[in-house]
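With my numbering applied, the sequence shown corresponds to residues 14 to 237, in that order. Quick reminder that beta carbons are idealized off the backbone N, C-alpha and C, glycines included. Here the structure is a predicted model, which is why all the values come from computation and not from measurement. Everything below concerns the one structure shown next.
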Amino acid sequence: MLKKYRDNLTTKAIIINMVVAAVSLFVNGFGVYLTIQANIGASPWDVLNLGLSNTFGILYGTASILVSFTILGIDILMKEAIGIAMIIDAIVVGKSVDFFNRINAVEKCDSFKTAIPVMILGLFIMAYTQYFYMNTSLGCGPRDTLLIGITRRTKKVSIGLVSIGLLATATFIGWLLGGPVGVGTFICAFGAGPIMQFAFYTVKFNATDIKHQNIIQSFKILRA
């Protein structure tokens, strides 16, 4: 993304970045969909989403939106910065998964021989699309913001331990609701981070260099 657009100083830049964020998050949803279709256990947050979906008879996307906006509410209560892309994230990813489910884009895997490559491919798609999404500088996802917010408030606890705590909580609640826990859950929990780090390395992207614009600043520019 060109720097003049990444800084989001004009209406044009913000609109372009909103489109980039929406498209990349839609493709990100395909990556999430693949990890579910691997059929060997979903990622921790998807164990929760699928558990809610199965328990209350709602679509995966609806469950995902409910969880995302609940977390978004917690982020706001913690007075963390909220960006436009966070709202896009909360809506688009879940509904993207619903779309690919509706068209039956990929059959569920029935063996580890096919499941592992499908899950790994899904994680790589998620990692690279996260780069495009984060590079718009319009905010991180609700869960990432929650992770950072809690870590900031528990100064003696590392971000790694906070992450493990959040993932374990999501997995446990999801499991109680009937969400699918399996080998894939552990692959996602421990493999997503290194894969994302590898993806960011290949595109020479440092997420800590990005200064995200909050939603109030974005709306001021859009109104002007």
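Legend entry - contact_flag[the region 106–121, the region 179–192] where n(CB pairs < 8 Å) is 3 or more: no
Inset, instruction - Just tell me which of S37, D20, I28 and L65 has its CA closest to the CA of L190. - result: Within the sequence shown, the letter at position 177 stands for residue 190. When each option's Cα is compared against that of L190, the closest is L65.
Inset, instruction - State yes or no: is the C-beta of T158 nearer than 6 Å to some heavy atom of the ligand GTP? - result: This structure does not include the ligand GTP; it has no bound ligands of any sort.
Inset, instruction - Please say whether A51 and A128 have beta carbons closer to each other than 7 Å? - result: Numbered from its first residue, the sequence shown carries residue 128 at position 115. Numbered from its first residue, the sequence shown carries residue 51 at position 38. The answer is yes: Cβ separation under 7 Å.
Legend entry - Exposed unless 16 or more other CB atoms sit within 10 angstroms - verdict on Y18: Numbered from its first residue, the sequence shown carries residue 18 at position 5. Result: buried.
Legend entry - CB contact flag (T142, V40, <7 Å): Indexing the sequence shown from 1 puts residue 142 at position 129. Indexing the sequence shown from 1 puts residue 40 at position 27. In contact: T142 and V40 (Cβ atoms closer than 7 Å).
Inset, instruction - Would you kindly work out how many angstroms separate the C-alpha atoms of K264 and V216, rounded to a whole number? - result: The question about residue 264 has no answer here: the residues shown for the chain are numbered 14 through 237.
Legend entry - Euclidean distance between Cα positions of L61 and G192: Within the sequence shown, numbered from 1, the residue matching residue 61 stands at position 48. Within the sequence shown, numbered from 1, the residue matching residue 192 stands at position 179. Near 6 Å, if we compare the C-alpha coordinates of G192 and L61.
Legend entry - Selected residue, minimal CA-CA separation from A103, among G42, I71 and T68: Within the sequence shown, residue 103 is the residue found at index 90, counting from 1. Closest by alpha carbon: G42.
Inset, instruction - State yes or no: is the C-beta of N219 within less than 7 Å of the C-beta of G96? - result: Translated into positions along the sequence shown, residue 219 becomes position 206. Translated into positions along the sequence shown, residue 96 becomes position 83. No. Outside cutoff.
Legend entry - Reduced DSSP secondary structure (H/G/I, E/B, other) of L159: Here the question's residue 159 lines up with position 146 in the sequence shown. DSSP places L159 in helix when its eight states are reduced to three.
Legend entry - the region 157–175 touching the region 86–94, judged by at least three CB pairs closer than 8 Å: yes
Inset, instruction - Report back the beta-carbon spacing between L151 and S77 to the nearest angstrom; my notes put them in contact at under 8 Å. - result: Your numbering for residue 151 matches position 138 in the sequence shown. Your numbering for residue 77 matches position 64 in the sequence shown. 20 Å between Cβ atoms; not a contact.
Inset, instruction - Can you say whether P130 is buried or exposed, counting buried as having 16 or more other CB atoms within 10 angstroms of its CB? - result: By 1-based counting over the sequence shown, the position of residue 130 is 117. With fewer than 16 other Cβ atoms within 10 Å, it is exposed.
Inset, instruction - May I have the straight-line CA-CA distance separating N21 from V32, to the nearest angstrom? - result: As a position in the sequence shown, residue 21 is number 8, starting the count at 1. As a position in the sequence shown, residue 32 is number 19, starting the count at 1. N21 and V32: Cα-Cα distance of roughly 13 Å.
Inset, instruction - Express the C-alpha separation of I49 and P207 in angstroms, rounding to a whole number. - result: For the purposes of this step, residue 207 is identified with residue 194 of the sequence shown, where counting begins at 1. For the purposes of this step, residue 49 is identified with residue 36 of the sequence shown, where counting begins at 1. Those two C-alpha atoms are separated by around 19 Å.
Legend entry - DSSP-derived helix/strand/coil call for S124: Translated into the one-based positions of the sequence shown, residue 124 becomes position 111. Of the three classes helix, strand and coil, the one that applies to S124 here is coil, per DSSP.
Inset, instruction - Go ahead and pull the three-state DSSP assignment for L72. - result: Locating residue 72 in the sequence shown gives position 59, counting from the first residue. Looking at L72 - three-state DSSP - the assignment turns out to be coil, as it is neither helix nor strand.
Legend entry - For T149, the first and last residue of its enclosing alpha helix (DSSP H): Indexing the sequence shown from 1 puts residue 149 at position 136. No alpha helix (DSSP H) holds T149; DSSP gives it neither H nor E.
Inset, instruction - Return the chain-ordered list of same chain residues with a C-beta closer than 7 Å to the C-beta of L235, the five sequence neighbours on each side being excluded. - result: As a first step, residue 235 is located in the sequence shown; it is residue number 222 there, counting from the start. So the list reads T24 and I27, once near-sequence residues are dropped.
Inset, instruction - Could you tell me the boundaries of the alpha helix (DSSP H) in which M91 lies? - result: Numbered from 1 along the sequence shown, position 78 holds the residue referred to as residue 91. Taken as a continuous stretch (DSSP letters only), M91 belongs to no alpha helix (DSSP H), as it is neither H nor E.
Legend entry - Pair within 7 Å by beta-carbon distance, L79 and G135: Against the sequence shown, residue 79 aligns to sequence position 66. Against the sequence shown, residue 135 aligns to sequence position 122. Result no, Cβ atoms of L79 and G135 do not sit closer than 7 Å.
Legend entry - Unbroken alpha helix (DSSP H) run spanning K233, endpoints: Counting from 1 along the sequence shown, the entry for residue 233 is found at position 220. K233 -> alpha helix (DSSP H) spans I228 to R236.
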